[in-house]
Amino acid sequence: MIRVVSQPGRSDQVDAYLATLASDEQRAALEHVRAEVHRLVPEVTEAISYGLPTFKLRGRSLFAFGGWKEHCSIYPMSGSFLDANADALKGYDRTKGSLHFTTDAPLPDALLEDLVRRRVAELAAR
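Yeah, the sequence shown ends on 130 if you go by my numbering, and it's all consecutive.
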């Protein structure tokens, strides 16, 4: 019998959430976001918060993400964060507290890295 061992910081609950997504492409896009966040912030942990996969850093929410019928979303837990980075986010749909992207137009790695680094810095400044 083969035993699967979870990777450090990863949550079986997040695995289960991603397994419920109807689209393989959407699941792959969110798995990519997940992998990049773990690469950029190795000490990050995962949880489900308010029904969404959430990255936590030292017990504080870094951001959440999710898959919906028409798009994927990132929830940076700070509307001011989205406003402060409006120029970098041109071309992406957003609401007051979320950033939307599609599998046809995923977030470029450089933009995701910048967003993660800025959010980590924002948490550190508090």
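Quick reminder that beta carbons are idealized off the backbone N, C-alpha and C, glycines included.
Residue i: which of the options sits nearest, CA to CA?
i, options, result
"Arg38", "Ser27, Ala26, Ala51", "Ala51"
"Leu56", "Leu86, Pro46, Leu127, Ala23", "Ala23"
"Glu29", "Thr106, Phe69, Gln11", "Thr106"
"Glu74", "Ser27, Val18, Arg64, Leu119", "Ser27"
What are the start and end residues of the alpha helix (DSSP H) that includes residue i?
i, result
"Ser27", "First-last for Ser27: undefined, no H or E at that position."
"Ala129", "113-129"
Assuming the contact rule is C-beta atoms closer than 8 angstroms, residue i and residue j should be a hit. Round their C-beta distance to whole Å, please.
i, j, result
"Pro80", "Arg123", "6 angstroms"
"Gly83", "Lys60", "The pair is not a contact, with the Cβ atoms about 19 angstroms apart (cut-off 8 angstroms)."
So, with DSSP's three-state summary, where would you put residue i?
i, result
"Ser77", "strand"
"Ala51", "strand"
"Leu56", "strand"
"Met43", "Per the sequence presented here, residue 43 reads as Arg, with Met not at that position. Helix."
"Arg62", "coil"
"Ala68", "strand"
"Val9", "Bear in mind that a pLDDT of 40 at Val9, under 50, signals an unreliable position, so the model cannot answer this."
Please report how far the alpha carbon of residue i lies from the alpha carbon of residue j, in whole angstroms.
i, j, result
"Leu66", "Val48", "8 angstroms"
"Glu126", "Arg14", "23 angstroms"
"Pro112", "His36", "11 angstroms"
"Val120", "Cys76", "16 angstroms"
Can you tell me where the beta strand (DSSP E) with residue i in it begins and where it stops?
i, result
"Leu93", "Neither: Leu93 is in no beta strand (DSSP E) and is coded neither H nor E."
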